[in-house]
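Colleague: Sending over a structure as structure tokens; questions will come in a sec.
Chains as they are written, first to last, in this note's numbering: chain D, 60 to 357; chain V, 15 to 381.
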């Protein structure tokens, strides 16, 4: 190879490198800008919530100075809520409802997903599709017929009705996630377990649940989020404070007519956000792994 | 340990596709039988039916004197090793091997004794605490075998257990499997598409094609006395050469095989009676590459000289493969590496026709 050819080759390689470098630089700038917009949109509201929750009612209504600064930080809003019996009731009701909804939803979803993905019975494919389609029905369409059903079984204004209602929202999606996850587990694992002497329940309990734990955690977080954050159903079905959960309890107790107790509302929102934040922080890795599992496994 | 019998077994899938078309096979106690054949021949389906993982459409499967058609896999007292190992990823090697015993409620000390014994046989004692993800492919396959051994089942079933391993490890594990069988002597049914694996491991090889058994026999039997063109072509590497031909009268009152206008070879006198009835018929001459070698001046009875134009030369160290085309049909010869062969040149070869096979062109039956 001549020296000229070599030199030309080097120039082409160098220009390609520069071009790649420039492309990467643009991609990085684009990413930073998109992320900055994302941060502003999603983190400013919680920041404002935090700021407001640390202000006294007088400072909030004073309307002097920047609303983004706290001049006399106080925990009085938090203390008020922690010692307020109704708020304690809402919190406890929310915890009871959520724990039960998660347990019920996950039990149904895991059993349904296992049978739909692994038992291979007639119509299992159509049923799997049907399960997902039910998730697409908006809850706002369902709550009127459900109101009649709940009324007939005498659970209006009883937080136990939520334990029955929320799984109708959580189970389809959780089942769908679990079907995807179970399907990614090699068929030979259940066949090996069958030959080893396991029955289907043992296969589910001893093999599938441990192997599919990331998927189960992802589905659990979803069921938790549905139950903890739901607003429409408790608003429609509960109306006395001893039955209310956090989402409706906060607005019914802390908004009196046209008086908004902003400091307490914001503090209540922050306290109500604590469990999801803690759970997400601990389980986020599993959550992401669970949602992306079907993408790469054979 | 037990005998296994497959009687007129049929497997038909929805839509009428028959994967297995009424096969019969008897496997003796302690025997190592290999089912071999190309993809889709029904070998894995047969194995899975023996395991109870596939329902049988027709026929009977017997294990240790009992019909097991409706017996679930866990009650058949079999153990299976899968191609992709199928180890439980969340359990340690020990727990993987002990899983079947725990389900059968074996005492703890007995479980430990059996797992330790199997681990010793397979040389995986240091791996017992590890999870499958921390093992290499070969180690995983050993654990899968260990899981089968600890159960001390009546029958071992292997479904292409070495296909996921690299070539070197495959040879090593092949020896391991043979060694394990020599130690435990459990009746074994082994499925592979690799005819070398079949030949090296089996007491008897079952060659399957299109859902039927083409031939059952010892490896040597299949190699030297194939009954069909399919078996002749499938067993042996490189594959047997096939040349369309016609049997005709030869010199000195003998018979000859006419391959092309310019290539006619005499049939050895010892075979004249056998092939006489096929005079004038369209036949196929089969000859293995090792029976087509460099020309020797001092020949033997049944050796004949053929000169063929070299197409490709493949030196392989201990031997050289030389490829030719005869009237459009590919032909391979296995020659001494010292032999000179260059593409385009005419190469003198010896054909050992004592080892020839003659098949009917239409049925593929070896005559």
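Using N, Cα and C, we set each Cβ at its ideal position, and we do this for glycine too.
Between V/335, V/18 and V/40, which lies nearest to residue 229 of chain V when the distance is taken from Cα to Cα?
Modeller: Walking along the second chain from the start, residue 229 of chain V turns up at place 215. Checking every option, the nearest Cα to that of residue 229 of chain V belongs to V/40.
Colleague: Listing by chain order, which chain D residues have their CB less than 8 Å from the CB of residue 92 of chain V?
Modeller: Locating residue 92 of chain V in the second chain gives position 78, where the first residue counts as 1. Result: 254.
Colleague: Taking only the alpha-carbon atoms, compute the straight-line gap between residue 145 of chain D and residue 137 of chain D and give it to the nearest angstrom.
Modeller: Locating residue 145 of chain D in the first chain gives position 86, counting from the first residue. Locating residue 137 of chain D in the first chain gives position 78, counting from the first residue. If I take the Cα positions, the gap works out to 14 Å.
Colleague: Is there a C-beta anywhere in chain V that falls below 8 Å from the one on residue 352 of chain D?
Modeller: By one-based count along the first chain, residue 352 of chain D stands at place 293. Since pLDDT at residue 352 of chain D reaches only 47, below the 50 mark, its modelled position is unreliable, and no value is offered.
Colleague: With DSSP collapsed to three states, give me the class of residue 81 of chain D.
Modeller: Here residue 81 of chain D refers to the residue found at position 22 of the first chain. Looking at residue 81 of chain D - three-state DSSP - the assignment turns out to be helix.
Colleague: Is the shortest distance between the beta-carbon of residue 100 of chain V and the beta-carbons of chain D less than 8 Å?
Modeller: Taking the first residue of the second chain as 1, we reach residue 100 of chain V at position 86. For residue 100 of chain V, the answer is yes, since a Cβ of chain D falls inside 8 Å of its Cβ.
Colleague: Could you tell me which chain V residues have their CB closer than 9 Å to the CB of residue 250 of chain D, listed as they occur along the chain?
Modeller: As a working mapping, residue 250 of chain D is identified with position 191 in the first chain. 62, 65, 67, 87, 94, 96 and 100, listed in chain order.
Colleague: Expressed to the nearest angstrom, what Euclidean distance is found between the alpha-carbon atoms of residue 262 of chain D and residue 218 of chain D?
Modeller: Here residue 262 of chain D is taken as the residue at index 203 of the first chain, counted from 1. Here residue 218 of chain D is taken as the residue at index 159 of the first chain, counted from 1. Roughly 36 Å separates the two Cα atoms.
Colleague: Would you say residue 103 of chain V reaches chain D, if we count a Cβ-Cβ gap shorter than 8 Å as a contact?
Modeller: Within the second chain, numbered from 1, the residue matching residue 103 of chain V stands at position 89. True, the Cβ-Cβ gap to chain D drops below 8 Å.
Colleague: Beta-carbon of residue 257 of chain D versus every beta-carbon of chain V: anything under 8 Å?
Modeller: As a first step, residue 257 of chain D must be located in the first chain, where it is residue number 198. Yes, its Cβ sits closer than 8 Å to a Cβ of chain V.
Colleague: For the region 260-271 of chain D, which residues have a CB atom closer than 9 Å to at least one CB atom of chain V, in sequence order?
Modeller: Correct list: 261, 265, 266, 269 and 270.
Colleague: Using a Cβ cut-off of 8 Å (strictly closer), state whether residue 149 of chain V contacts chain D.
Modeller: Looking up residue 149 of chain V in the second chain gives position 135. Answer no: the Cβ-Cβ gap between residue 149 of chain V and chain D never drops below 8 Å.
Colleague: Look at the alpha carbon of residue 120 of chain V and the alpha carbon of residue 110 of chain V, and state the distance between them as a whole number of angstroms.
Modeller: The residue you call residue 120 of chain V lines up with position 106 of the second chain. The residue you call residue 110 of chain V lines up with position 96 of the second chain. One C-alpha to the other measures close to 15 Å.
Colleague: Classify residue 180 of chain V: buried if its beta carbon has 16 or more other beta carbons within 10 angstroms, exposed otherwise.
Modeller: Here residue 180 of chain V refers to the residue found at position 166 when the second chain is read from its first residue. Its Cβ having fewer than 16 others within 10 Å, residue 180 of chain V is exposed.
Colleague: What ranges does the beta strand (DSSP E) occupy inside the region 86-122 of chain V, keeping only unbroken runs of at least 3 residues that lie completely in it?
Modeller: The qualifying runs are 92-95.
Colleague: Taking the alpha carbon of residue 233 of chain V as the reference point, which residue from V/245, V/244, V/219 and V/285 has its own alpha carbon closest?
Modeller: Here residue 233 of chain V refers to the residue found at position 219 when the second chain is read from its first residue. It is V/219.
Colleague: Alpha carbon to alpha carbon, how far is residue 356 of chain D from residue 187 of chain D?
Modeller: The count along the first chain starts at 1 and reaches residue 356 of chain D at position 297. The count along the first chain starts at 1 and reaches residue 187 of chain D at position 128. Bear in mind that the predicted position of residue 356 of chain D carries a pLDDT of just 31, short of 50, making it too unreliable to give a figure here.
Colleague: Can you grab the Cα-Cα spacing for the pair residue 242 of chain V / residue 380 of chain V, in whole Å?
Modeller: For this step, residue 242 of chain V is matched to residue 228 along the second chain. For this step, residue 380 of chain V is matched to residue 366 along the second chain. Their backbone Cα atoms lie some 5 Å apart in a straight line.
Colleague: With DSSP as the reference, identify every bridge partner of residue 141 of chain D, one or two as the case may be.
Modeller: The residue labelled residue 141 of chain D in the question sits at position 82 within the first chain. Beta-bridge pairing links residue 141 of chain D to no other residue.
Colleague: Which of the three DSSP states is assigned to residue 26 of chain V in this structure?
Modeller: As a position in the second chain, residue 26 of chain V is number 12, starting the count at 1. The answer is strand: DSSP assigns residue 26 of chain V an E or B state.
Colleague: Could you check whether the region 349-361 of chain V touches the region 316-333 of chain V, counting it as contact only if at least three pairs of C-beta atoms, one from each stretch, sit closer than 8 Å?
Modeller: Yes, the region 349-361 of chain V touches the region 316-333 of chain V.
Colleague: Using a Cβ-Cβ cutoff of less than 6 Å, which residues in the same chain neighbour residue 193 of chain V once the five nearest sequence positions on both sides are dropped?
Modeller: Counting from one through the second chain, the residue named residue 193 of chain V turns up at place 179. Excluding sequence neighbours, residue 193 of chain V sits near nothing in its chain.
Colleague: Mark residue 104 of chain D as exposed unless 16 or more other C-beta atoms lie within 10 angstroms of its C-beta, in which case mark it buried.
Modeller: The residue given as residue 104 of chain D occupies position 45 in the first chain. Answer is exposed; the Cβ neighbour count stays below 16.
Colleague: What would DSSP say about residue 328 of chain V, mapped onto helix, strand or coil?
Modeller: Along the second chain, one-based indexing puts residue 328 of chain V at 314. Three-state result, residue 328 of chain V: strand.
Colleague: Check each candidate in V/147, V/212, V/133 and V/107 and name the one with the smallest Cα separation from residue 177 of chain V.
Modeller: Reading the second chain from its first residue, position 163 is the one you call residue 177 of chain V. Ranking V/147, V/212, V/133 and V/107 by Cα distance to residue 177 of chain V puts V/212 first.
Colleague: Measuring only the C-alpha atoms, how far is residue 267 of chain D from residue 327 of chain D?
Modeller: Within the first chain, the letter at position 208 stands for residue 267 of chain D. Within the first chain, the letter at position 268 stands for residue 327 of chain D. Approximately 40 Å, taken between the alpha carbons.
Colleague: Between which residues of its own chain and residue 79 of chain V is the CB-CB distance below 8 Å, once the five residues before and five after are set aside?
Modeller: Taking the second chain and counting its residues from 1, the one referred to as residue 79 of chain V is at position 65. Cβ within range, chain order: 16 and 17.
Colleague: Measuring alpha carbon to alpha carbon, tell me which residue in V/289, V/249 and V/363 is nearest residue 268 of chain V.
Modeller: The residue you call residue 268 of chain V lines up with position 254 of the second chain. When only C-alpha atoms are compared, the closest one is V/289.
Colleague: Going by alpha carbons, who is nearest to residue 304 of chain V out of V/55, V/366, V/362 and V/161?
Modeller: In the second chain, counting from the first residue as 1, residue 304 of chain V sits at position 290. When each option's Cα is compared against that of residue 304 of chain V, the closest is V/366.
Colleague: Indicate whether at least one CB of chain D lies closer than 8 Å to the CB of residue 120 of chain V.
Modeller: As a working note, residue 120 of chain V is residue 106 in the second chain. With 8 Å as the cut-off, residue 120 of chain V does not count as an interface residue toward chain D.
Colleague: Kindly identify the DSSP beta-bridge partner or partners of residue 189 of chain V.
Modeller: For this step, residue 189 of chain V is matched to residue 175 along the second chain. Paired residue(s): none; residue 189 of chain V is not in a bridge.
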